[in-house]
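Numbering (UniProt numbering), first residue to last: 1 to 1027.
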Amino acid sequence: MRVSKWAVNRYISVLMVIAGLLLLGGVSLSRLPMDLLPHISIPVAVVSTQYPGAGPLEIEGLVTRPVEEAVATVHNVKNMSSSSSEGNSIVIIEFNQGTDMDFATLQMREKIDLIKGFLPDEVTDPMVLRIDPNALPIMVLGLSGTEDLSELQSIVESQIKPKFERLEGVASVSVTGGYEEVVEIEVDPNVLTSYGITMEQIATIIRAENINLPGGEIQQGGQNILLRTIGAFENIGEIENLPILLPTGIRVYLKDISQVQLTTKDIKHIAKVNGEPSIRITIQKQPVANTVQVANRINQTIQVLEEEIKGIQIVSVIDQSRFITRSIGNVGRTAAFGGVLAVCILYLFLGNVRTTLVIALSIPISIVTTFALMYFSGMTLNLLSLGGFALGVGMLVDNGIVVLENIYRFREEGNDPEQSAILGTEEVAMAVTASTLTTLAVFLPIVFVEGMTAQVFREMALTVTFSLLASLGVSLTLVPMLASKLMKKNRVNGKRTPQQVLGIFHRFFKYINEKYGKILSWSLSHRKTILFVTFLIFTVAILLASSMGAEYFPSLDEGTFSVNIRLPQSATLQETEAVMDEVEGVLTEYEEIEVLFTNVGGGDVMSTTSTGSPNRGSIDGRLVAARQRSMTSLELVDEIRTRLANIAGAEISVSADSFMLGAGFGGAAVDVSIKGDDLETLESISRDFIEIIKGVEGTREVSSNFTQAREQIEVHIDRETASFYGVQSVQVAMALRNTLTGITATRARIEGKEVDVLIRGENYLRESTENIMQLQMPTLMGSQVPIDQLAEIRRGQGPNVIRRMDQVRNISVRAALFNRNLSSVVADIEEKIKDYSLPAGYSYEFKGENEQLEEAIDNLTLAVILAIMLVYMILAAQFQSFLHPFTIMMSVPLAFSGGIIALFLAGISINVPGGIGAIVLAGIVVNNGIVLIDYINTLRDHGTHQRNDSIIIAGKTRLRPIMMTTLTTVLGLLPLAIGFGEGAEVQQPIAVVVIGGLSLATLLTLVVIPVMYSVLDDIAIKVRKER
């Protein structure tokens, strides 16, 4: 390999190449998008269908089941779930990883088109939508500042929303809360029936009159003039004075048969920010937009709006950019600090600023070069890609250390600087290339295995790969070039002076080296003892691993939490608000809470709509930065949970779930899905399971997704009587719905505001069942008959929501965890419910995080096996031997043992990031063995030493670079392992595993690898003799 000779002889070319890469990397860095996580594709699609007025049972039978049966035949369907509620059917289909979702959704639409003709006529066309986790809102704002919420709503719609929508990178802006104005036309249907006219006919007249329409052009005076028909309503008076022609030929005005007024819609949702009435603004970004840049533009616009519109306050309740900026900044600082520690270790060993600088340059050059490769690969700056830098910062100097050490060895032998640089680099070029390839090889399985794990950590793997390839190039070109220029021209003495290596440290290391030679000599004479101790350590690690338990992903402390409240189904919005005010009173006592967003009767804070029910509500809180509080969000949540348990009359749950890790990361910690046909039986089983799971240590918030049955009044039509009068069931149903719910006839611009025009029955009709049942229905004979003579009233209860899993009804029992890992909790639950006697036809299974964990374990196991095989193949190719790679591979189980012990001591459960750390270990731990075995073979090939002498000499010679590379890697990862600041939870297990594994493996490798080398060499000699 002559690249080093080219680098030494053409140093200006090398400097220009490096300068070009730095320039390219700097430009790329400024253009790299910033996000919390890499782009994640979830193979999930949703079919949404509306059937207005239908109950859950009708929805299930007439809509949900046909849709399920149709889409179940689409290729690669993995799981299917559905929910049927009043007027709404949702079917969620999860596909196998790797499915082409464009083709899958196309197939779904084709299958659904085949069944449209069999659905009820009133059903809307089913919509097929793909789930995109990147579509989650990046910001949720609360706007307050005036007591008149209708005025505030108007300001938002006319001034604030348009400005946000025009911002670069913003995809959509949704506004909920406030008082939405409406033109309400109240009629008495019985009076209309007496006039021979219906609400539908009035709605049709209003719709036809509210129109502006271009008619075309006319030529007049040599000009083409546009002709337009102007009929749109501009004020309430025009609507009131709308003439209505009755069937009798009499003309009346709308105001004569109705009351027309500009009012507000019925309040079904109340929003508050820190106790003040507010309006919620939810902002979504475009999929490829930079989250942080878009959020910065929004924040700048907020400042401008607050100056322009006096008296308003806009508070960010959720701002993804805050956590992203803090966590990425924290990882960046961690990587930089790790790099500083690595350089300090280099200086201790080298004792010379110039030589330390030669190797230290590998870090910034490799990182900046990596930015360019990331940009061209379409990657983003995120928690995982920057985590790759933090993971690899200590490894970036490893190749340079080996090269520079060898160059110095040649210089000490009397060669001139240029010759030493060329020969020293060429001798170890294959070894450092092989060691780099073994490290890179372990990341290939991460890139190619399927599942969420691969998607999340693929960018980390690519970042480490790019940076290590850059460091390899630097070590083979820049390091020898700089070494040839910076080394003194005079011959170097056989020993470096203490001043060159910081005296005390040099004497200490010399002492260690001499002791190591004696330990190695003793070990070669007591090989069985060494191997037994090694086996013992490995056994202890296995026993520890079996007792530690596992979890899917460590929870991120994003500084947010949510409180969900559910009252009995009969509760009113005002009753729910009263309970939530009491909860707010408790929360405001905590100084750690910065913002509270209250949602009465609506969905959670990340929802873009105000859908919900009056008996439900949520409070979402934002905490101050982690460094400003004494508790983590999980600890705070557990304390709040205890205090809120004293509030009677409501079911209250508190969680610190990650908004950004929530999509696609396993769902509920514990999720037991119970399947069967009968809802009452399922509810009974779920109640038993709730009590069982509550008894398991570490569980919190144990509940089911079963919603209480809702009281309902059923109108059963007597078809015989209705037929006698010539009245059909659909006429009765539509009359009831139009009277109670109303008909939106049109939208009009009244007093400068776009409002709905709603027609509905007078208020007295909604006050009692008796009143509404007196509604008159027109007959074929021209008379009227009240509904109570056509139908029978029955009171009962019906399901609020019917859920299904894989086309079978189901109820899920879920729980959160606190201070206990997932696998041990699931094991305890399984032990408790295995003796539960389920009725025939009923079953249960674990879903949620446990299902994701099992899939991740399968994927990681495959990745580890592939990594080990690839490492062996590279080693076999380098050493041209099937035997020597086995010697080096002995360091892998030792490393795994160290990683497990380190996790145990750190109190961290085995999890997916820890598994990634094990894969990384398999690649880097063999590097020391490569350097050691390669030099042993070199000494033996020269034929000047016996085997054991070669082993001892090689061990003492390579101890220095081995210790340098190990310490730089370990200390480079130390800040990450400590886990300070936001976002550290994901990388911490990786760093702990690598530090523990590499530390133990290095200590044992210096003894075990030479021992194994001698054992396998004896076996090889014996085999050759027998031949």
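Just so you know, even glycine gets a beta-carbon here, dropped at the ideal spot from N, CA and C.
Nothing here was measured: the structure is a model prediction, and the numbers come from that model.
**Request:** Please name the residue in Leu959, Glu1026, Ile990 and Asn330 whose C-alpha comes closest to that of asparagine 406.
**Result:** The sequence position of residue 406 within the sequence shown is 406, counting from 1. Of the candidates Leu959, Glu1026, Ile990 and Asn330, the one whose C-alpha sits nearest the C-alpha of asparagine 406 is Leu959.
**Request:** Express the C-alpha separation of asparagine 79 and valine 997 in angstroms, rounding to a whole number.
**Result:** As a position in the sequence shown, residue 997 is number 997, starting the count at 1. As a position in the sequence shown, residue 79 is number 79, starting the count at 1. The identity of residue 997 in the sequence shown is glycine, whereas the question assumes valine. Rounded to the nearest angstrom, the two C-alpha atoms are 38 Å apart.
**Asked** Using DSSP with H/G/I as helix, E/B as strand and the rest coil, what is threonine 576?
**Response** Working through the sequence shown from its first residue, we reach residue 576 at position 576. In this structure, threonine 576 counts as helix in the three-state DSSP scheme.
**valine 393 versus tyrosine 842: straight-line alpha-carbon distance, rounded** = Along the sequence shown, one-based indexing puts residue 393 at 393. Along the sequence shown, one-based indexing puts residue 842 at 842. Their backbone Cα atoms lie some 54 Å apart in a straight line.
**Asked** Is the distance from the Cβ of leucine 192 to the Cβ of isoleucine 115 below 8 Å?
**Response** Counting from 1 along the sequence shown, the entry for residue 192 is found at position 192. Counting from 1 along the sequence shown, the entry for residue 115 is found at position 115. Their beta carbons are not under 8 Å apart, which means leucine 192 does not touch isoleucine 115 by this criterion.
**Where glycine 899 falls: helix, strand or coil (DSSP)** = Numbered from its first residue, the sequence shown carries residue 899 at position 899. Glycine 899 falls in the helix class under three-state DSSP.
**Item:** Where threonine 969 falls: helix, strand or coil (DSSP)
**Value:** Here residue 969 corresponds to residue number 969 of the sequence shown, with the count starting at 1. Helix at threonine 969.
**Asked** Leaving out the 5 sequence neighbours to the left and right, which residues in its chain are closer than 6 Å to leucine 167 when beta-carbon positions are compared?
**Response** For the purposes of this step, residue 167 is identified with residue 167 of the sequence shown, where counting begins at 1. Closer than 6 Å at Cβ, skipping near neighbours: Arg297.
**Asked** Distance, Cα to Cα, glutamate 238 vs methionine 101?
**Response** Looking up residue 238 in the sequence shown gives position 238. Looking up residue 101 in the sequence shown gives position 101. Straight-line spacing of the CA atoms in glutamate 238 and methionine 101 works out to 52 Å.
**Asked** Roughly how many angstroms separate the alpha carbons of alanine 625 and threonine 632, rounded to a whole number?
**Response** Your numbering for residue 625 matches position 625 in the sequence shown. Your numbering for residue 632 matches position 632 in the sequence shown. Between alanine 625 and threonine 632, the C-alpha separation is close to 10 Å.
**Message:** Within 10 Å of its beta-carbon, does arginine 700 have 16 or more other beta-carbons around it, so buried, or fewer, so exposed?
**Reply:** Taking the sequence shown and counting its residues from 1, one reaches residue 700 at position 700. Answer is buried; the Cβ neighbour count reaches 16.
**Request:** Using the DSSP secondary-structure output, state which residues sit across from asparagine 79 in a beta bridge.
**Result:** Working through the sequence shown from its first residue, we reach residue 79 at position 79. Secondary-structure assignment with DSSP links asparagine 79 through a beta bridge to Glu94.
**Message:** For asparagine 382 and isoleucine 92, I'd like the C-alpha separation in whole angstroms.
**Reply:** Against the sequence shown, residue 382 aligns to sequence position 382. Against the sequence shown, residue 92 aligns to sequence position 92. C-alpha separation (whole angstroms): 29 Å.
**Message:** For the stretch 161 to 177 against the stretch 298 to 314, do three or more pairs of beta-carbon atoms, one drawn from each stretch, fall closer than 8 Å, so that the two count as touching?
**Reply:** In the pairwise beta carbon analysis, the stretch 161 to 177 is classified as touching the stretch 298 to 314: at least three pairs are separated by under 8 Å.
**Message:** Under DSSP, the beta strand (DSSP E) around alanine 45 begins and ends at which residues?
**Reply:** Counted from its first residue, the sequence shown places residue 45 at position 45. That run of the beta strand (DSSP E) goes 44 to 50.
**Beta carbon of proline 480 nearer than 8 Å to that of serine 13** = Numbered from 1 along the sequence shown, position 480 holds the residue referred to as residue 480. Numbered from 1 along the sequence shown, position 13 holds the residue referred to as residue 13. Pairing proline 480 with serine 13 gives a Cβ-Cβ distance that is not under 8 Å.
**C-alpha gap between alanine 876 and leucine 1016, whole angstroms** = As a first step, residue 876 must be located in the sequence shown, where it is residue number 876. As a first step, residue 1016 must be located in the sequence shown, where it is residue number 1016. Counting only the Cα atoms, leucine 1016 lies some 15 Å from alanine 876.
**Request:** With a 10 Å radius around its C-beta and 16 neighbouring C-beta atoms as the bar for buried, classify proline 1010 as buried or exposed.
**Result:** In the sequence shown, the residue the question calls residue 1010 occupies position 1010. Buried, since its Cβ has 16 or more Cβ neighbours within 10 Å.
**Prompt:** In three-state terms, what does DSSP make of glycine 388?
**Reply:** Within the sequence shown, residue 388 is the residue found at index 388, counting from 1. For glycine 388, the secondary structure class from DSSP, reduced to helix, strand or coil, is helix.
**Asked** Roughly how many whole angstroms lie between the Cα atoms of phenylalanine 879 and histidine 942?
**Response** Within the sequence shown, numbered from 1, the residue matching residue 879 stands at position 879. Within the sequence shown, numbered from 1, the residue matching residue 942 stands at position 942. Taking the straight line joining both Cα atoms gives about 16 Å.
**Message:** Residues in the same chain with beta-carbon distance under 7 Å from isoleucine 324, minus the five sequence neighbours each way, listed in chain order, please.
**Reply:** Translated into the one-based positions of the sequence shown, residue 324 becomes position 324. Excluding positions up to five away in sequence, the list reads Met34, Asp35, Leu36, Thr291 and Val292.
**Item:** Beta-bridge pairing of residue 1043 - partner residues as DSSP gives them
**Value:** This structure gives no information on residue 1043, because the portion of the chain shown stretches from 1 to 1027.
**Asked** Can you name the start and end residues of the alpha helix (DSSP H) that leucine 373 belongs to?
**Response** Residue 373 sits at position 373 when you count from the first residue of the sequence shown. Counting along the chain, the unbroken alpha helix (DSSP H) around leucine 373 starts and ends at 362 to 376.
**Item:** DSSP state of arginine 10 mapped onto helix, strand, coil
**Value:** The residue labelled residue 10 in the question sits at position 10 within the sequence shown. For arginine 10, the secondary structure class from DSSP, reduced to helix, strand or coil, is coil.
**Message:** On a Cα-Cα basis, can you pick out the residue from Thr204, Lys265, Leu644 and Ser521 that is closest to valine 563?
**Reply:** Position 563 of the sequence shown holds residue 563. Of the listed residues, the one whose Cα sits closest to valine 563 is Leu644.
**Asked** Are asparagine 330 and phenylalanine 553 close, meaning C-beta to C-beta below 8 Å?
**Response** By 1-based counting over the sequence shown, the position of residue 330 is 330. By 1-based counting over the sequence shown, the position of residue 553 is 553. Cβ atoms of asparagine 330 and phenylalanine 553: not closer than 8 Å.
**Asked** Going straight from the alpha carbon of proline 913 to that of leucine 386, what length do you get?
**Response** Translated into the one-based positions of the sequence shown, residue 913 becomes position 913. Translated into the one-based positions of the sequence shown, residue 386 becomes position 386. Distance between the alpha carbons of proline 913 and leucine 386: 15 Å.
**Message:** Between which two residues does the beta strand (DSSP E) holding glutamate 651 run?
**Reply:** Residue 651 sits at position 651 when you count from the first residue of the sequence shown. 651 to 655 is the span of the beta strand (DSSP E), which, as asked, contains glutamate 651.
**Prompt:** Can you check whether the CB of threonine 105 is closer than 8 Å to the CB of arginine 65?
**Reply:** Here residue 65 is taken as the residue at index 65 of the sequence shown, counted from 1. Here residue 105 is taken as the residue at index 105 of the sequence shown, counted from 1. At a Cβ-Cβ threshold of 8 Å, arginine 65 and threonine 105 do not count as neighbours.
**Message:** Using DSSP's beta-bridge definition, name the partner residues of phenylalanine 561.
**Reply:** Stepping through the sequence shown from its first residue, residue 561 is reached at position 561. As computed with DSSP, phenylalanine 561 is found in a beta bridge with Gly621.
**Asked** Which of the three DSSP states, helix, strand or coil, is assigned to alanine 454?
**Response** Residue 454 sits at position 454 when you count from the first residue of the sequence shown. Secondary structure of alanine 454 (DSSP, three-state): helix.
**Request:** Would you kindly report the start and end of the unbroken alpha helix (DSSP H) that includes glutamate 427?
**Result:** Residue 427 sits at position 427 when you count from the first residue of the sequence shown. Glutamate 427 -> alpha helix (DSSP H) spans 417 to 441.
**Asked** Does the stretch 462 to 480 come close enough to the stretch 368 to 381 that 3 or more CB-CB pairs lie under 8 Å?
**Response** They touch, by the three-pair rule.
**Request:** Mind checking who methionine 127 pairs with in its DSSP beta bridge?
**Result:** Here residue 127 refers to the residue found at position 127 of the sequence shown. Paired residues: Ser48.
**Asked** Grouping DSSP H, G and I as helix and E and B as strand, with all else coil, what is lysine 834?
**Response** Residue mapping note: residue 834 aligns to position 834 of the sequence shown, counting from 1. In the three-state reduction of the DSSP assignment, lysine 834 falls in the coil class.
**Asked** So what does DSSP say about residue 1073, is it helix, strand or coil?
**Response** Given a span of 1 to 1027 for the chain in the structure shown, any question on residue 1073 remains unanswerable.
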